Every structure is written in C-alpha cells, then in structure tokens.
Amino acid sequence: MRIDVVTIFPDYLAPLDDAIVGRARRAGLIDLRVHDLRAWATGVHQAVDDSPYGGGPGMVMTPTVWGEALDAVRAEVPDEPGVLLVPTPAGAPLTQRRVADWAGRARLTIACGRYEGIDGRVAVDAARHGPVEEFSLGDYVLAGGEVAALVAVEAVSRLVPGVLGNPASAELDSFSDGLLEAPAYTRPESWRDLDVPAVLRSGDHGAVARWRRDRSLERTAAVRPDLLDRLGADAFDRRDREV
Ligand code: 6GU
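FYI, in UniProt numbering the residues of the sequence shown are 1 to 243.
Here you go:
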C-alpha cells in the first residue's frame, strides 16, 4: 500500500518510523512518504495561509499551494489516485469500518490542515480526480490534522495483510464484533491479592468464550450503550440476553 502525507510539520510524523508502522515500512508492506507542503509555497515568505473571506478569526490554508501539492503527489503514481483523506473536526467520525475500507485500497493520501482549515475548494477540486473523505477523531478540537494522520495510518496499517504477526489479533479487536473487548490477564496468577478469573485457567474453551462475551456485553452497556443500540437483534444470542 502507498500512503502519502502532506503537512507543514513533517517532523510531527516521525513516530511512523517506529513500532508496527516502522516495521511494516521496512518490510516493504507500506510505502509511506511524508511531504512538506511548504515545498509548493511561492513568494519570499513561503506563505501557506491567508485571512478568511467573510471575516473571522484565524487563517485559512491557501488553495493554490494545496492544489499544486496534491497534483504533484497524485502524479507520483498517475494510474492510482487512491482516496484523499482530510482530517478535520468537521468530518464524519473515524470508525473501524472506515479504517477497514481504507486498508483495502491501493493508495491513500492524507492532507493535514492547520489553522482554520484548508480553503473549501481544494476538496472539491480533488474530488475531480478521485474519492475524498473527511474524517474526525471525535468531538474535541486539535491544533491540526497531523495527530489524526498518525491515528489513521496506524489503524489502517495493522489491517494490511502481513503487518500484524498474528492476524487473529485484528479479528478479536474491540469493534470488530461491534462490542468492546473483555479485560485481559497474564502471569502471575495472583498479584497484590488480586486473582486472574478462575474460568480463564479452566481450559474450558466454551466457558472462556462465554465469559469474555459476558464481560464484553457488560463493559459495552456501561460505557458505550450507543454501540449496543446500533447492533441488530440478530447480533445477540439467547444467553446474551441473560447478561
Ligand atoms: Cl481530524 N482534526 C482536528 N484539527 N481536530 C480534530 C480532529 C481532526 N478530530 C477531532 N478533533
């Protein structure tokens, strides 16, 4: 998979050299390139922003600079425009479903905005070349899209075949069945007078699965009842209803 990130703070993306994403890049599973938007800025001040039409506080990122940058990045693989992702608090929420869709694409480009965002015409123009998706991490405001780009790249990368040592990890994730995961335990069996639940040491795989399912249901009902509401009645079995 090819991923391009365009930002005025390329160093912000340095963590993508580490851990799972770094290993996937070195293994050739992900071809990730970070581009400095300022390379496409012109004029002595290399400005990338200007004051907003209609007034108001803050600055808006300039369409001419973004247009040149996205044209150039797109042209690096002309036959594969891929999907343009735009992190913004005004986007639809990022979900595992969207992440899984993106993980199946050959190419992603992430346009990181700062200030009060990118001129609204940039996404309209980009949509002439391929799909554009705005996404938000949640209902709070960050200073720019870079952290959201890190989030998207990490979430997508672990679904790319070969990136996770054990692909079953992704199948057991919170959200893959629409529920939050049950708590997990490792040795020692007893720690600070707290014991690992006996059923997990019983060797009874059916009982373990039932216990995990029950804890998932309880946890989801306690902290994310909206997730339960979203599941259809056929997502629950008879014993779920007793929890
Ligand atoms: Cl994707 N960007 C910014 N700037 N703020 C956010 C966000 C994204 N998601 C939540 N807050």
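All C-beta atoms, glycine included, are put in the ideal place defined by N, C-alpha and C.
Since this is a predicted model, take the numbers as computed values, not measurements.
*Please confirm if the region 71-87 is in contact with the region 2-11, defined as three or more CB-CB distances below 8 Å between the two stretches.*
Cβ pair count under 8 Å is three or more, so yes.
*Counting Cβ pairs closer than 8 Å, one from the region 47-56 and one from the region 190-197, do we hit at least three?*
In short, these stretches do not touch, since the Cβ pair count stays below three.
*Within the present structure, is the beta-carbon of Y12 separated from the nearest heavy atom of ligand 1 by less than 7 Å?*
Flag unset: Cβ of Y12 not near ligand 1.
*For ligand 1, any of its heavy atoms closer than 7 Å to the Cβ of A92?*
Outside the cutoff, so no.
_Cα-Cα separation, I118 to T62_ = The alpha-carbon separation between I118 and T62 amounts to approximately 7 Å.
*Are the CB atoms of L32 and L16 nearer to each other than 8 Å?*
It is a contact, given that the beta carbons lie within the stated cut-off.
*Cα-Cα separation, S136 to S202*: Straight across, the Cα-Cα distance linking S136 with S202 is about 43 Å.
*Terminal residues of the beta strand (DSSP E) in which T220 lies*: Counting along the chain, T220 falls outside any beta strand (DSSP E), though it belongs to the alpha helix (DSSP H) covering 205-223.
*Is S176 near ligand 1, in the sense that its beta carbon is under 7 Å from a heavy atom of that ligand?*
At a cut-off of 7 Å, the beta-carbon of S176 does not count as near ligand 1: no heavy atom of the ligand is closer than that.
*Mind checking whether A19 and V160 have CB atoms under 8 Å apart?*
No, the Cβ-Cβ distance between A19 and V160 is not below 8 Å.
_For G22, the three-state DSSP class (helix, strand or coil)_ = Helix at G22.
*Could you work out which residue in H35, P78, A152 is closest to P93 when comparing CA atoms only?*
It is A152.
*A182, DSSP secondary structure in three states*: Coil.
_Less than 8 Å between the C-beta atoms of G145 and T88, yes or no?_
Taking 8 Å as the cut-off, the Cβ atoms of G145 and T88 count as close.
_Host alpha helix (DSSP H) of S169 (start-end)_ = DSSP places S169 inside the alpha helix (DSSP H), whose first and last residues are 168-171.
*Kindly list the residues whose CB is nearer than 8 Å to the CB of A123, restricted to its own chain and excluding five residues on each side of it in sequence; keep chain order.*
Within the same chain, and ignoring the five residues on either side of A123 in sequence, the residues whose Cβ sits closer than 8 Å to its Cβ are L84, V86, V132, E134.
*Would you give the residue range spanned by the alpha helix (DSSP H) that D125 belongs to?*
First-last of the alpha helix (DSSP H) with D125: 121-126.
_Using only CA atoms, which one of R158, M59, D240, R97 lies nearest to R213?_
Taking only the C-alpha atoms, the option nearest R213 is D240.
*Out of V65, R187, V21, point me to the one whose CA is closest to G165's CA.*
Nearest of V65, R187, V21 to G165, Cα basis: V21.
_Looking only at its chain, what residues have a beta carbon closer than 6 Å to the beta carbon of Y12, apart from the 5 residues adjacent to it on each side?_
So the qualifying residues of the chain are E146.
*Start-to-end residues for the alpha helix (DSSP H) that takes in P89*: Segment 83-93 is the beta strand (DSSP E) holding P89; no alpha helix (DSSP H) there.
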